Amino acid sequence: MSPDEPALELPGLVRDRVAEGRAKAAATRARKAAQAEVAEVDPVARVVIEVPLVHLDREFDYAVPAGMAASAVPGARVKVRFGGQDVDGYVVARAAASAHPGALTPLRRVVSAEPVLTPAVAELCQRVAQRYAGASADLRRLAVPPRHAGVEKEPTPPAAPAPAASSIDPAADAAWSSYPAAAAFLAHLRAGGSPRGVWSAAPGEPWPLLLAQAAASALAAGRGSVICLPDHRDVARVDAALDALLGPGHHVTLSAEPGPAARYRDFLAVSRGARRIVVGTRSAAFAPVRDLGLVVVWDDGDDLHAEPRAPYPHVRDVLLLRSELEGAAALVGGFARSVEADQLLRTGWAHEIVLPREQLRERVRVGVTGASDHAIARDPHGAAARIPSEAHDAVRWGLERGPVLVQTPRAGYAVRLACDRCRTPARCTACSGPLRLTSPTEPPSCRWCATPAPAWSCQECGGVGLRAPVLGDARTADELGRTFAPVPVVTSSGDHVRAEVDDAPRIVVATPGAEPVARGGYAVVVLLDTWWALGRDSLRAGEEAVRRWSNAVGLVRPGGRALAVGDPAEPALQALVRWDPGGYAAREAEERRAAHLPPAARWATVVGTPGAVDDVRALLDLPDGAEQLGPVPVGDGDEERLVLRVPRAQGARLAQALLETQRVRSARKLEAVRVQLDPPEV
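Written out as structure tokens, the structure reads:
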């Protein structure tokens with residue numbers, strides 16, 4: 018068009034689109050200009066990226082544009098350019114200069130200026146990743162919940178004033194006063210110290226209240242607490258105890274049940290300092306509590322404390338490591354004692370908090386069926402009975418005084434069936450799966466394919482009769498209901514777990530871990546099928562059996578009774594009769610030391626295809642004294658498992674060797690293997 022020619026009149030829609038395009042182009046130029054201009058103060062952001070690759074598990078330097086200088090604070094979520102794509106990350110620090118010789122890539126954008134990753138938690142994630150030979154990004158996924166933008170805009174309720182030490186000392190000392198070592202522990206805690214204790218709770222102890230009082234003592238010193246529990250029912254009990262002791266405004270519960278928005282709201286209340294006490298399950302171990310003064314793990318032997326995802330950290334180890342990093346007190350408590358807790362006492366890392374023997378005898382009397390000549394003479398066939406007359410007498414005595422708990426190790430009706438003539442396990446003719454009974458009126462069916470087998474016959478002897486060597490809670494409740502009619506019988510197991518029952522006389526049949534709490538405690542606790550728990554093919558069979566039995570007996574009221582149906586000569590049952598979980602843990606630890614088993618040694622497993630496992634073996638630079646066991650096939654698949662064992666003093670070097678090997682293999686994009694240090698089971 019010539020300059021002398023008149024300008025054409027553009028249609029309105031086209032004119033608007035042209036103007037819009039020019040505005041966007043101007044905004045893009047302005048944004049690029051702002052990004053080109055870096056911040057005047059601390060123009061370098063050190064960022065950890067959320068990529069779970071071990072060789073990328075380090076800090077990367079990025080330039081901070083001037084427009085992001087105020088929002089790219091340490092702990093903020095950001096988007097950065099990495100590997101040709103935008104990835105999530107966290108700013109962990111700001112610096113004045115970078116060691117990188119070239120120009121730094123600028124941050125793409127600040128997703129949120131909320132500092133959700135504190136320096137203490139960031140360091141904890143790095144240290145735990147080093148201990149377990151994993152990537153810290155997997156741990157930050159546990160530590161920081163997903164963002165909820167609407168919640169960040171909400172105002173956080175102000176923090177409730179911390180109670181004065183004088184206002185909680187009498188209550189705190191009252192419940193702990195029976196334990197001689199507890200007075201020094203609490204006094205040290207209230208003075209701002211960092212004591213370490215392994216607490217063996219006595220039967221009938223209101224342990225949620227005692228844990229709440231320990232947290233209140235730390236709060237009186239102006240310090241926060243983290244209390245980690247196995248499941249949501251335990252969390253609810255401690256939550257209620259804290260509400261009763263301190264009132265609202267001092268603590269939060271971090272769990273997934275309320276939903277993502279509520280969880281993120283509680284998380285922000287902690288990170289902003291409005292709440293100082295955190296109660297929760299595994300992920301609560303990473304809660305960003307300010308001025309942390311106390312970490313607590315209850316029932317540390319429960320397998321729910323072991324994270325099932327890489328790098329498989331255990332809550333106990335995370336909290337103990339955190340107590341050292343932040344100078345906090347540590348308390349490992351439970352009715353039973355794990356061999357790892359015994360190791361803390363043996364090395365002098367912690368001190369024992371336990372009730373004197375004479376007071377323990379007053380709390381509960383534990384017996385075993387057939388333990389006396391009188392009992393054998395009275396019931397000669399009791400050793401072969403699943404519920405002998407002694408157990409019936411104990412239930413009858415307890416029902417005169419309140420509720421009775423009967424623990425059975427399996428859920429269901431008749432969990433397994435066998436030929437009543439030759440004892441051969443009954444199998445399905447369709448898939449060879451085990452047969453079971455789901456009710457007294459239904460025919461046997463397969464546990465695997467659900468095929469009914471009304472006309473089953475034994476393939477070995479031709480017998481058509483069935484017996485049930487393993488009975489579940491439903492069959493047990495059925496038998497007790499007929500024996501003690503019209504007393505009500507309730508069950509608690511599987512998907513139908515009761516949280517609480519009242520103090521009226523009733524029989525409660527429950528599986529381990531599903532026992533409801535009785536108001537005022539149970540009058541009697543009966544433990545059935547103890548042989549089954551001890552017969553598991555597991556390194557921790559005895560330890561786990563004592564833990565499950567102790568947790569059930571721990572629900573008995575002071576002055577109540579407990580009875581185990583089993584072999585009186587069994588060491589695990591003898592420890593239960595003496596109520597000596599510490600002695601049993603010490604015995605187990607001594608046997609493991611002789612066999613070079615954990616916790617005296619540190620183990621690691623490497624699972625993968627044969628080629629990948631051989632590749633790991635070739636790259637590993639193992640410390641002196643390391644042993645390689647295997648590899649051996651795993652299950653029916655094409656994977657193998659290699660077990661590595663070193664003395665405990667070489668545990669850190671083993672973890673470092675595995676971490677370096679993982680970094681090399683990750684950088685080369687080799688086939689993945691599953692590496693697990695200190696596995697609960699091998």
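First residue of the sequence shown? That's 18 in the working numbering, and the numbers climb one at a time after it.
The beta carbon of each residue, even a glycine, is placed where N, CA and C say it ideally should be.
Note that the coordinates shown come from a computational prediction; the quantities given were computed from them, not determined experimentally.
Assigned with DSSP and collapsed to three states, G38 falls in helix. For T270, the enclosing beta strand (DSSP E) has its first and last residue at 268-271.
T441 has its alpha-carbon roughly 30 Å from the corresponding atom of V649. Ranking T270, V542, R299 by CA distance to the CA of R578 puts V542 first.
Where H368 is concerned, the enclosing beta strand (DSSP E) starts and stops at 368-370. In the DSSP assignment, R444 forms a beta bridge with P451. P598 is not a Cβ neighbour of S555, given a cutoff of 8 Å. DSSP places T508 within a strand segment (E or B) once states are collapsed to three.
Relative to the Cα of A684, the nearest Cα in the group I66, V71, R126, A36 belongs to V71. When C-alpha distances from E369 are compared across A237, R682, G600, V97, the shortest belongs to G600. A distance below 7 Å between beta-carbons, with the five flanking residues on each side excluded, links Y79 to the following residues of its chain, in chain order: A62, V64, V97, L121, T122, P123, L124. For F284, the enclosing alpha helix (DSSP H) covers residues 277-288.
Beta-bridge partners assigned by DSSP to K96: D105, R126. In the structure shown, S217 adopts extended strand secondary structure according to DSSP, grouped into three states.
The continuous beta strand (DSSP E) containing T622 extends over residues 618-625. Straight-line spacing of the CA atoms in V109 and W549 works out to 51 Å. By the Cβ-count criterion, Q424 is buried, with 16 or more other Cβ atoms from all chains shown falling within 10 Å of its own Cβ. Only exposed fits G365, as fewer than 16 other CB atoms lie within 10 angstroms of its CB. A straight-line Cα-Cα distance of about 25 Å links R240 and H249. Taking the CA atoms as reference points, A472 sits about 44 Å from T626. For V133, there is no enclosing beta strand (DSSP E), since its DSSP letter is neither H nor E.
Residue burial is scored here from C-beta neighbours: C439 has fewer than 16 other C-beta atoms within 10 angstroms and is therefore classed as exposed. In the structure shown, C439 adopts coil according to DSSP, grouped into three states. In the DSSP assignment, V649 falls within the beta strand (DSSP E) that extends over 644-651. I244 is bridged by DSSP to V296, V313. For P225, the enclosing alpha helix (DSSP H) begins and ends at 224-237. Under DSSP, V81 takes part in no beta bridge, so it has no partner.
Comparing alpha-carbon positions, the option among V133, R380, I66 lying closest to G100 turns out to be I66. Check the Cα spacing between A201 and each of A569, A231, L694, S300: the tightest is with A231. Within the model, the alpha-carbon separation for V563 versus Y539 is close to 19 Å.
Approximately 4 Å separates the beta-carbon atoms of E688 and A629; this is inside 8 Å, confirming the contact. Cβ neighbours of A176 within its own chain (closer than 6 Å, five residues either side excluded): A291. The segment 344-360 and the segment 192-199 do not touch, with fewer than three beta-carbon pairs separated by less than 8 Å. Take A113, set aside five residues on each side of it, and the residues of its chain with a beta-carbon closer than 6 Å to its own are D59, in chain order. H391 sits exposed, since fewer than 16 C-beta atoms from the chains shown fall within 10 Å of its C-beta.
With fewer than 16 other Cβ atoms from the protein chains shown falling within 10 Å of its own Cβ, V481 counts as exposed.
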